[in-house]
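Undergrad:
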Amino acid sequence: MKPYIWSALSVHVHGMRRLDGLNAPFIAIANHSSHVDTTVIFGALPRRLSKNLAAGAAADYFFKQKTKSMGTRLFFNAYPVDRGGMKGHAGLSGRLLDEGVPLLIFPEGTRSRTGAMAPFKSGVSALSIQHDVPVLPMALVGAYAAMPYGQTLPVPGRPPVHIVFGTPQRALPGETVPHFKDRLYNYVVELHDSTARAYGMPTQEDFHRSVAIKAAAKKQAALEAAQSKDAQAALERPATPDAGQEDAPAS
1 MKPYIWSALS VHVHGMRRLD GLNAPFIAIA NHSSHVDTTV IFGALPRRLS KNLAAGAAAD
61 YFFKQKTKSM GTRLFFNAYP VDRGGMKGHA GLSGRLLDEG VPLLIFPEGT RSRTGAMAPF
121 KSGVSALSIQ HDVPVLPMAL VGAYAAMPYG QTLPVPGRPP VHIVFGTPQR ALPGETVPHF
181 KDRLYNYVVE LHDSTARAYG MPTQEDFHRS VAIKAAAKKQ AALEAAQSKD AQAALERPAT
241 PDAGQEDAPA S
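Residue numbers (full-length UniProt numbering): 1 to 251.
(1) Contact between the segment 167-177 and the segment 143-153: three or more CB pairs below 8 Å?
(2) Cutting at 6 Å between CB atoms, please list the residues of its own chain near residue 237, excluding the five before and the five after it.
(3) Have a look at 196, 220, 158 and flag the residue whose alpha-carbon is nearest the alpha-carbon of residue 6.
(4) Should residue 134 and residue 184 be called a contact, given that it needs their Cβ atoms to be closer than 9 Å?
(5) Since residue 124 is in the alpha helix (DSSP H), which residue starts that stretch and which ends it?
(6) Is the distance from the Cβ of residue 125 to the Cβ of residue 180 below 9 Å?
(7) If I'm right that residue 115 touches residue 207 with Cβ under 8 Å, what's the distance once you round it to whole angstroms?
(8) Suppose only complete runs of 3+ residues qualify. What are the beta strand (DSSP E) ranges in the segment 171-251, listed by chain order?
(9) Within its chain, find whatever has a CB closer than 6 Å to the CB of residue 34; leave out the 5 residues flanking it on each side and keep chain order.
(10) Let me check understanding here. Comparing Cα to Cα, which of 30, 45, 40 lies closest to residue 19?
(11) Which term fits residue 204, buried or exposed, when burial requires 16 or more other beta carbons within 10 angstroms of its beta carbon?
(12) Mind checking which residues open and close the alpha helix (DSSP H) that includes residue 40?
(13) With hydrogens ignored, establish whether the beta-carbon of residue 15 is closer than 8 Å to any heavy atom of the ligand FMN.
(14) Helix, strand or coil: which one does DSSP assign to residue 112?
(15) Is residue 167 helix, strand or coil by DSSP?
(16) Pick from 222, 192, 224, 49: whose alpha carbon is nearest that of residue 31?
(17) Counting C-beta neighbours from all protein chains within 10 Å, is the total for residue 79 16 or more, i.e. buried, or is it exposed?
(18) Name the DSSP bridge partner or partners of residue 138?
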């Protein structure tokens, strides 16, 4: 798929020197906001690191139907990851790492619908510590604008997408899974935002601000609609005679 994606997007790769000492097995992670993310990652990594890379894919979405799972397996060497709703794949990521297979896992657990990153789940940090493998942090900048949620193809005009490789990370001595998880999250945000600022593109702060503004506007609109409904109901309510008022005598 690389020839197509590289012709549809203008892909820029940063930080290749940080990969010099990296060898399989490892866990590659990135922010996830677009269906182009996986192809950009596979295409940008050196062949020595991507040739056996296995992408974790949601079992409840990609592996329910044979036709969908076949394409996912064929193009991305995908394997099922339980996300809630399907069970039976527990421990597969660890077994692959123990066999020397590098993994690509999106630690947010799902694609962002807004471009704003969600907190990371603990799975990657726990796998890294338990199986003593490094984590390769990456940031994708511009992927959400290039193919936002709901789009079936990249937008026209070869929009720019930047992929930034960070320095491989391991847990520090005595570092807990939650602390390592948060440190990885902050590092990916730093990689994303430093590149976004350099190229005049939205930062994570910009995405989160946009989400907050839209949520506030939606809340205000709902409040105004409720107030309007109450006012309309009051106008339509039949008038009630004042207490103690007698009927006028018949003429």
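For each residue, glycine too, the CB sits at the ideal point set by N, CA and C. Please read all numbers here as calculations on a predicted model, not as lab measurements.
TA: Considering the structure as presented:
(1) Not touching, per the Cβ criterion.
(2) Residue 237 sits at position 237 when you count from the first residue of the sequence shown. If the five residues before and after residue 237 are omitted, its C-beta is found closer than 6 Å to no C-beta atom of its own chain.
(3) Translated into positions along the sequence shown, residue 6 becomes position 6. Among 196, 220, 158, the Cα nearest to that of residue 6 is on 158.
(4) If you number the sequence shown from 1, residue 134 lands on position 134. If you number the sequence shown from 1, residue 184 lands on position 184. Taking 9 Å as the Cβ cut-off, residue 134 and residue 184 do not qualify as a contacting pair.
(5) The count along the sequence shown starts at 1 and reaches residue 124 at position 124. 123-131 is the extent of the alpha helix (DSSP H) around residue 124.
(6) Translated into positions along the sequence shown, residue 125 becomes position 125. Translated into positions along the sequence shown, residue 180 becomes position 180. Closer than 9 Å, so yes.
(7) Counting from 1 along the sequence shown, the entry for residue 115 is found at position 115. Counting from 1 along the sequence shown, the entry for residue 207 is found at position 207. The beta-carbon separation of residue 115 and residue 207, rounded to 4 Å, stays under the 8 Å limit for a contact.
(8) Taken in chain order, the segment 171-251 contains no complete beta strand (DSSP E) segment of 3 residues or longer.
(9) Locating residue 34 in the sequence shown gives position 34, counting from the first residue. 143, 144, 147, listed in sequence order.
(10) By 1-based counting over the sequence shown, the position of residue 19 is 19. Ranking the options by Cα distance to residue 19, first place goes to 45.
(11) Along the sequence shown, one-based indexing puts residue 204 at 204. Buried.
(12) In the sequence shown, counting from the first residue as 1, residue 40 sits at position 40. Taken as a continuous stretch (DSSP letters only), the alpha helix (DSSP H) holding residue 40 covers 37-44.
(13) With respect to the ligand FMN, the structure offers nothing, as it holds no ligand at all.
(14) Residue numbering aside, residue 112 sits at position 112 when the sequence shown is read from its first letter. Note: residue 112 maps to coil in three-state DSSP.
(15) Here residue 167 refers to the residue found at position 167 when the sequence shown is read from its first residue. Residue state, collapsed to three classes: coil.
(16) Indexing the sequence shown from 1 puts residue 31 at position 31. Per the Cα distances, 192.
(17) Locating residue 79 in the sequence shown gives position 79, counting from the first residue. Buried is the call here.
(18) In the sequence shown, residue 138 corresponds to position 138, counting from 1. Under DSSP, residue 138 takes part in a beta bridge, and its partners are 30, 165.
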